[in-house]
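With UniProt numbering, the residue at position 241 of the sequence shown is 320, and numbering never jumps. Glycine is no exception: its CB is placed at the ideal position from the N, C-alpha and C atoms.
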Amino acid sequence: AAAASGIVKPLPPELFIPQGTNAEMRWEAMRGQGYLTPVDRFFVRNHVSTPLIDAGTWRLKLWGTGLHGSPTEDRPVEFSYEDLLGLRAETLTASVECTGNGRSFFTSQQGQTVSGTAWKLGAVGVARWRGVRLSTVLERAGLTRKAVDILPRGLDPDYVDKGENLGRVRRPLPVAKALKDVLLAYEMNGRPLPPDHGAPVRLVVPSWVGIASVKWVGDIQVADEPLFSPWNTRYYRLFGPGYPPEGSAPLTRMNVKSAFELPWDGTLPAGRHVLHGRSWSGNGRVRHTDISVDGGRTWHRARPRDLHAPARGWTRWEYPWRPGGTGRHELLARATDETGATQPATWPENTLGYLFGAVVRHPITIA
Ligand code: MTE
């Protein structure tokens, strides 16, 4: 695997906000788009850089005590790209969202200091993934009933955090989730998976924190005991006031959020507008979204545009607005999902800034 530096796809400034080796989608780039996030504007979250991997020589290697005969790492069960193409294919419309999506609002709305990439709301996208169910591959590899956890690992370079080499990106996943609805994806929106999004094959773990969807997957350890890596011990737990020193349990589902398809702190002409946006939740479908154009005093229901949205995707909505006057305004969107979970005015702090779930106050100037 040759490592390119950073990101491979072109990042036109009108579509992306650069965030180190990551790229955040600008929400105005979704305006006028269809249901799915086009690949050219899908956010990229890279711990290191995008490797360029030849699908012809790529192998998925499975090993560990959770497989019959306990194959070892140096004598694993192998699948080639061709092998995967020969297995029954499935499609899945699902979001991938960074656990830290919305992190910057801990600071800008709540005055809290948190570490990590200062995303606004653009670290999320919805694509139509195609590939093979992970359960199919695990069963063919000889999954036993004693298997507890799997540990998929990426082929991107080692991740070094403040001088400490933590090895390749890898995050344990319970076998129960792996067998439920996880895809080994080789296509994104009808085309082969592009390098930045995990070519030739990535995991798509619907509804869960983005880190679970390991890109450039090269091997999967399957174990009859719980597995650990820094990505479920040191990161992707809640730390800080009110949490034990080892943090919360490892994070699983994403929470409910909403975004306007508008430039952040942009300018709109006076007159009538139809505001567009999207809401999504790791708990399932969004039931409704309410809008406030007066700073949160009054709320009105947005008109949903997807009455039968895919359960793991998002719901588009629109709301007519005639601003009362020129100057600065704040637009608020608050979604409620099918479990009744909604977006409160503030969100409890955690030092790594994960899962910001409060209503975001979107600034807009009417000129
Ligand atoms: N997989 C590997 N191998 N390396 C990574 O850096 N980043 C994870 C996940 N899978 C990552 C990875 C994180 S934190 C997220 S949010 C998603 O990939 C982002 O997927 P995307 O870049 O296709 O949007």
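On a Cα-Cα basis, can you pick out the residue from the options that is closest to residue i?
i      : options                        : result
Ala414 : Ile290, Gly356, Trp295, Leu431 : Gly356
Val293 : Ala302, Pro305, Trp310, Leu306 : Trp310
Gly404 : Ala349, Pro324, Thr430         : Ala349
Asn244 : Ile86, Val127, Arg120, Asn101  : Val127
Arg364 : Arg250, Ser337, Asp373, Thr377 : Ser337
Pro150 : Lys199, Ala220, Leu115, Trp198 : Ala220
His367 : Gly419, Glu169, Trp343         : Gly419
Lys88  : Ser327, Leu272, Thr425         : Leu272
Val118 : Gly269, Val216, Phe158, Arg182 : Gly269
Leu431 : Gly113, Thr377, Glu169, Trp198 : Trp198
Ile96  : Leu222, Trp343, Thr144         : Trp343
What do you reckon, are the CB atoms on residue i and residue j nearer than 8 Å?
i           : j      : result
Leu411      : Ile445 : no
Leu146      : Val301 : yes
Gly289      : Glu103 : no
Val283      : Thr421 : no
Gln98       : Thr192 : no
Trp393      : Trp359 : yes
Glu417      : His441 : no
Trp142      : Pro155 : yes
Gly111      : Thr100 : no
Val254      : Ile229 : yes
Phe122      : Gly201 : yes
residue 447 : Gly181 : No answer is possible for residue 447: it lies beyond the span of the chain, which begins at 80 and ends at 446.
Gly375      : Ala424 : yes
Return the chain-ordered list of same chain residues with a C-beta closer than 6 Å to the C-beta of residue i, the five sequence neighbours on each side being excluded.
i           : result
Pro389      : Thr172
His352      : Trp400
Asp298      : Lys140, Arg232
Ala134      : Tyr160, Pro279
Gly210      : Leu262, Leu263, Ala264, Tyr265
Ala80       : Summary for Ala80: the model assigns pLDDT 44, below 50, so the residue's position carries little reliability; its value from the coordinates is reported in the next sentence. Answer for Ala80: Pro130, Ile132, Leu234, listed in chain order.
His276      : Met267
Lys225      : Asp303
residue 448 : The structure shown does not extend to residue 448, since the chain is modelled only from 80 through 446, so no value can be given for it.
Suppose the cutoff is 7 Å on Cβ atoms and the five residues either side in sequence are ignored; what does the same chain contact list for residue i look like?
i      : result
Ser286 : Arg332, Met333, Gly361, Arg391
Arg384 : Arg395, Trp396, Glu397
Ile443 : Leu341, Gly345, Leu347, His408, Leu410
Pro305 : Val227, Asp228
Leu166 : Val211, Thr215
Leu115 : Val205, Ala206, Arg207, Asn268
Ser327 : Arg316, Leu317
Less than 7 Å between the CB of residue i and some heavy atom of the ligand MTE, yes or no?
i      : result
Arg124 : yes
Trp295 : yes
Asp235 : yes
Val175 : yes
Phe95  : no
Val248 : yes
Ile290 : yes
His408 : no
Phe435 : no
Gly204 : yes
Phe158 : no
His276 : yes
Phe185 : no
Phe307 : no
Phe318 : no
Phe121 : yes
I'd like the list of long-range same chain contacts for residue i, defined as Cβ closer than 8 Å, with 5 residues on each side in sequence excluded.
i      : result
Thr178 : Val288, Gly289, Ile290, Tyr315, Leu330, Met333, Tyr433, Leu434
Phe339 : Trp106, Leu354, His355, Gly356, Leu410, Ala412, His441
Asp237 : Val127, Asn244, Leu245, Gly246, Arg247
Glu428 : Phe185, Gln189, Gln191, Val193, Gly319, Pro320
Arg250 : Leu230, Pro231, Ile290, Ala291, Val293, Ser308, Trp310, Asn311, Tyr315
By DSSP's criteria, residue i is part of a beta bridge. Which residues make up the other side?
i      : result
Glu304 : Answer is none; Glu304 lacks a bridge partner.
Asp275 : In DSSP, Asp275 forms no bridge with anything.
Asp298 : Lys140, Arg232
Met104 : Phe95
Ser358 : Ser337, Thr394
Trp287 : Arg332
Thr421 : Thr415
Gly210 : Glu169, Ala264
Arg382 : Glu397
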